[in-house]
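Start counting the sequence shown at 2; every next residue gets the next number (the numbering used here). Ideal placement from N, C-alpha and C gives every residue a C-beta, glycine not left out. Notes follow once the structure below has been shown.
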Amino acid sequence: MNLLIGFGNPNFSDDGFGYYVVESLREEFPSLHFLAPTSDLINKILKKEKVVFVDAVKLGKKPGEIIFFKLSSENLKVNNSKSHTLSLNSVLKLGYELFRDEMSMEIYFIGVEAENINTFKKGLSERVKRSLPEVKGIIRRIFSS
Numbered sequence: 002m003n004l005l006i007g008f009g010n011p012n013f014s015d016d017g018f019g020y021y022v023v024e025s026l027r028e029e030f031p032s033l034h035f036l037a038p039t040s041d042l043i044n045k046i047l048k049k050e051k052v053v054f055v056d057a058v059k060l061g062k063k064p065g066e067i068i069f070f071k072l073s074s075e076n077l078k079v080n081n082s083k084s085h086t087l088s089l090n091s092v093l094k095l096g097y098e099l100f101r102d103e104m105s106m107e108i109y110f111i112g113v114e115a116e117n118i119n120t121f122k123k124g125l126s127e128r129v130k131r132s133l134p135e136v137k138g139i140i141r142r143i144f145s146s
């Protein structure tokens with residue numbers, strides 16, 4: 002079984018990118034979730050064949066630009082934060098350390114450079130919205146291979 006997980010808040014424009022991707026593919030893929038990166042995330046991804054995470058990012062790229070990479074236990078780092086929340090990296094690293102034999106075989110991350118994540122506004126900016134078809138195509142290719 003495959004799993005698609007979107008992150009973000011749809012009430013803050015582009016921050017809801019993961020949510021909008023999940024909603025747009027819900028009928029096509031039955032195993033979709035909209036979650037926050039908490040330790041409970043580990044239970045959701047155990048014993049899955051492929052997992053794809055989708056989120057808005059702020060990396061200084063052009064709004065709407067897509068980043069895509071495969072995650073593995075070797076390229077994950079635990080973030081030391083004073084916050085009570087865990088980063089996706091930290092959650093996945095913990096999963097690999099505690100449940101190595103049960104962790105998903107393939108884990109991918111798709112990020113789209115956000116233009117606006119601070120304004121209370123529903124809907125994506127135009128530049129980010131234009132990346133939706135390409136992101137959905139990447140997800141379809143991952144799940145069909």
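Residues bridged to residue i (per DSSP)
{"i": "residue 21", "result": "Per DSSP, none; premise fails for residue 21."}
{"i": "residue 43", "result": "None; residue 43 has no bridge partner."}
{"i": "residue 223", "result": "Residue 223 is absent from the structure shown; the chain starts at 2 and stops at 146."}
{"i": "residue 72", "result": "108"}
{"i": "residue 67", "result": "113"}
Burial state of residue i (16 or more Cβ within 10 Å)
{"i": "residue 70", "result": "exposed"}
{"i": "residue 82", "result": "Caution applies to residue 82, whose pLDDT of 48 falls short of 50 and renders its modelled position unreliable; the model cannot decide the point."}
{"i": "residue 138", "result": "exposed"}
{"i": "residue 146", "result": "exposed"}
{"i": "residue 65", "result": "buried"}
{"i": "residue 172", "result": "Because the chain here runs from 2 to 146, residue 172 falls outside it and cannot be looked at."}
Contacting residues, own chain, Cβ-Cβ under 8 angstroms from residue i (five flanking each side not counted)
{"i": "residue 112", "result": "55, 56, 57, 58, 60, 67, 68, 69"}
{"i": "residue 63", "result": "114, 128"}
{"i": "residue 25", "result": "133, 137"}
{"i": "residue 103", "result": "47, 48"}
Cutoff 7 angstroms; reference residue i; Cβ partners in own chain excluding five residues on either side
{"i": "residue 85", "result": "Residue placement at residue 85 cannot be trusted, given a pLDDT of 34 that sits under 50; the coordinates are not used to answer."}
{"i": "residue 117", "result": "14, 15, 126"}
{"i": "residue 10", "result": "16, 17"}
{"i": "residue 20", "result": "7, 9, 11, 35"}
{"i": "residue 135", "result": "67"}
{"i": "residue 101", "result": "none"}
Contact belief for residue i with residue j at Cβ below 8 angstroms, rounded distance in angstroms
{"i": "residue 144", "j": "residue 30", "result": "7 angstroms"}
{"i": "residue 130", "j": "residue 12", "result": "Not really, about 16 angstroms apart at Cβ, beyond 8 angstroms."}
Beta-carbon spacing of residue i, residue j below 7 angstroms
{"i": "residue 49", "j": "residue 2", "result": "yes"}
Heavy atom of the ligand MG within 6 angstroms of residue i beta-carbon
{"i": "residue 110", "result": "For the ligand MG, the structure offers nothing, since it holds no ligand at all."}
Other residues of its chain near residue i: CB distance less than 6 angstroms, five sequence neighbours each side excluded
{"i": "residue 52", "result": "4, 46, 105, 108"}
{"i": "residue 141", "result": "none"}
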